[in-house]
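Novice:
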DNA sequence: GTGACACCTGGAGCGCGCTCCAGGTCAAGG
DNA sequence: CCTTGACCTGGAGCGCGCTCCAGGTGTCAC
């Protein structure tokens with residue numbers, strides 16, 4: 051008998067708001083959520099792990115529509131593993147490019163900061 | 051006599067759309083844009099350089115409201131340099147943290163990808 | 001002069017990802 | 001019993017950053 055988690059517990063452990071969890075359920079990013087007699091959601095440990103995956107995808111900038119495709123594929127079981135692998139691989143490459151872009155712009159930022167520091171040093175001095 | 055640039059030229063060289071340029075002017079991110087006799091915008095080389103700065107800030111995730119504060123400060127001349135330095139420094143630190151976060155999540159992504167590859171290899175084999 | 005074209009203005013609309021709200025149910029504590 | 005609090009539902013609303021639109025003007029090639 052696996053322990054179930056209340057909405058409040060999932061909010062705390064996943065870092066998603068209750069509204070976001072409900073939203074994710076509505077759009078199909080979460081499914082198979084049980085209900086207590088009184089209609090309250092009962093999450094499983096698997097849901098919590100899946101939320102970890104969603105967080106990873108979300109925080110790396112995957113659009114929700116694509117997460118939905120991934121979720122849909124995950125419902126297909128082992129038959130659709132290749133598809134999921136392809137989705138993740140493509141995403142990982144985008145993340146890689148995004149990081150490279152950020153680093154390049156960060157360099158510009160640092161140059162500008164160095165320039166400002168220099169200006170201020172010169173000004174103080176005169 | 052510095053050459054001026056037409057809207058189309060600025061679109062091409064800055065990578066911002068014409069609508070975005072107009073929007074940026076409206077909200078005060080761009081100012082001092084000249085006009086031709088017929089009312090068409092005439093950008094200067096300085097505007098183009100400033101757009102490069104805006105692109106850097108935007109692409110590293112600075113919210114527009116904060117870019118506006120930076121632009122406002124830039125209008126203050128050398129008197130407000132320290133303020134701009136502080137803004138950029140704080141932003142650069144956020145970018146640094148963001149990159150670190152992305153890399154961490156990218157690692158999770160890669161682990162998951164490796165796991166899928168392994169599963170698929172095992173399946174093929176059996 | 002007649003298109004085509006680049007541009008103008010003010011203002012409405014959009015896509016995303018939530019977030020909030022009204023009105024209600026159930027369970028436990030005092 | 002009555003309140004408090006966690007949760008439910010369907011649906012409206014929001015903040016951001018643009019993007020699009022209608023209706024108009026000036027310039028140039030034919």
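Residue numbers (our numbering), protein chains in the order written: chain A, 51 to 176; chain B, 51 to 176. Glycine is no exception: its CB is placed at the ideal position from the N, C-alpha and C atoms.
(1) Residues bridged to residue 85 of chain B by DSSP?
(2) Let's see if you can read the secondary structure: which residues bound the alpha helix (DSSP H) around residue 70 of chain B?
(3) Taking 9 Å as the CB-CB limit, is residue 64 of chain B close to chain A?
(4) I think residue 104 of chain B touches residue 55 of chain B, with their Cβ atoms under 8 Å apart; what is that distance to the nearest whole Å?
(5) For residue 170 of chain B and residue 157 of chain B, what's the separation of their Cα atoms in angstroms?
(6) Let me check understanding here. Comparing Cα to Cα, which of A:90, A:132, A:143, A:125 lies closest to residue 100 of chain A?
(7) Here's the rule: buried if 16 or more other CB atoms are within 10 angstroms of the residue's CB, otherwise exposed. What is residue 52 of chain B?
(8) Roughly how many whole angstroms lie between the Cα atoms of residue 138 of chain B and residue 116 of chain B?
(9) Kindly confirm or deny that the stretch 144–155 of chain B and the stretch 57–68 of chain B touch, where touching means at least three C-beta pairs closer than 8 Å.
(10) Which of the three DSSP states, helix, strand or coil, is assigned to residue 55 of chain B?
(11) What would DSSP say about residue 112 of chain B, mapped onto helix, strand or coil?
(12) Below 9 Å on C-beta distance, what does residue 131 of chain A contact in chain B?
(13) By the 10 Å Cβ neighbour count, where 16 or more other Cβ atoms means buried, how is residue 140 of chain A classified, buried or exposed?
(14) Does chain A have any CB closer than 9 Å to the CB of residue 118 of chain B?
(15) Rounded to whole angstroms, what's the CA-CA distance from residue 114 of chain B to residue 128 of chain A? Just pull it up for me.
(16) Buried or exposed: which applies to residue 76 of chain B, given that a residue is buried once 16 or more other Cβ atoms fall within 10 Å of its Cβ?
(17) Is residue 129 of chain B helix, strand or coil when you go by DSSP?
(18) Between residue 135 of chain B and residue 166 of chain A, what straight-line distance do the alpha-carbon atoms span, to the nearest angstrom?
(19) Determine, for residue 96 of chain B, whether the minimum Cβ-Cβ distance to residues of chain A falls below 9 Å.
(20) Does chain B have any CB closer than 9 Å to the CB of residue 123 of chain A?
Specialist: Considering the structure as presented:
(1) Within the second chain, numbered from 1, the residue matching residue 85 of chain B stands at position 35. In DSSP, residue 85 of chain B forms a bridge with B:91.
(2) For the purposes of this step, residue 70 of chain B is identified with residue 20 of the second chain, where counting begins at 1. From DSSP, the alpha helix (DSSP H) with residue 70 of chain B extends over 68–76.
(3) Counted from its first residue, the second chain places residue 64 of chain B at position 14. Residue contact check for residue 64 of chain B against chain A: no CB pair falls below 9 Å.
(4) Here residue 104 of chain B refers to the residue found at position 54 of the second chain. Here residue 55 of chain B refers to the residue found at position 5 of the second chain. The Cβ separation is near 16 Å, so there is no contact.
(5) Along the second chain, read from residue 1 onward, the residue named residue 170 of chain B stands at position 120. Along the second chain, read from residue 1 onward, the residue named residue 157 of chain B stands at position 107. Whole-angstrom Cα-Cα distance: 20 Å.
(6) If you number the first chain from 1, residue 100 of chain A lands on position 50. Of the listed residues, the one whose Cα sits closest to residue 100 of chain A is A:125.
(7) As a first step, residue 52 of chain B must be located in the second chain, where it is residue number 2. The residue in question, residue 52 of chain B, is exposed, as its Cβ has fewer than 16 Cβ neighbours within 10 Å.
(8) Against the second chain, residue 138 of chain B aligns to sequence position 88. Against the second chain, residue 116 of chain B aligns to sequence position 66. Looking at the backbone, the Cα of residue 138 of chain B and that of residue 116 of chain B are separated by about 10 Å.
(9) No, the stretch 144–155 of chain B is not in contact with the stretch 57–68 of chain B.
(10) Locating residue 55 of chain B in the second chain gives position 5, where the first residue counts as 1. Residue 55 of chain B: strand per DSSP, three-state reduction.
(11) Looking up residue 112 of chain B in the second chain gives position 62. For residue 112 of chain B, the secondary structure class from DSSP, reduced to helix, strand or coil, is coil.
(12) Counted from its first residue, the first chain places residue 131 of chain A at position 81. Per Cβ cutoff of 9 Å: 166, 169, 170, 173.
(13) By 1-based counting over the first chain, the position of residue 140 of chain A is 90. So residue 140 of chain A ends up on the exposed side.
(14) What you label residue 118 of chain B is simply residue 68 of the second chain in a count that begins at 1. No, because no Cβ of chain A sits closer than 9 Å to the Cβ of residue 118 of chain B.
(15) Working through the second chain from its first residue, we reach residue 114 of chain B at position 64. Working through the first chain from its first residue, we reach residue 128 of chain A at position 78. Spanning the two alpha carbons is a distance of roughly 44 Å.
(16) By 1-based counting over the second chain, the position of residue 76 of chain B is 26. Residue 76 of chain B comes out exposed.
(17) Taking the second chain and counting its residues from 1, the one referred to as residue 129 of chain B is at position 79. Three-state DSSP puts residue 129 of chain B in a helix.
(18) Taking the second chain and counting its residues from 1, one reaches residue 135 of chain B at position 85. Taking the first chain and counting its residues from 1, one reaches residue 166 of chain A at position 116. Between residue 135 of chain B and residue 166 of chain A, the C-alpha separation is close to 6 Å.
(19) Counted from its first residue, the second chain places residue 96 of chain B at position 46. So no, residue 96 of chain B is outside the interface.
(20) As a working note, residue 123 of chain A is residue 73 in the first chain. By this cut-off, residue 123 of chain A is not an interface position.
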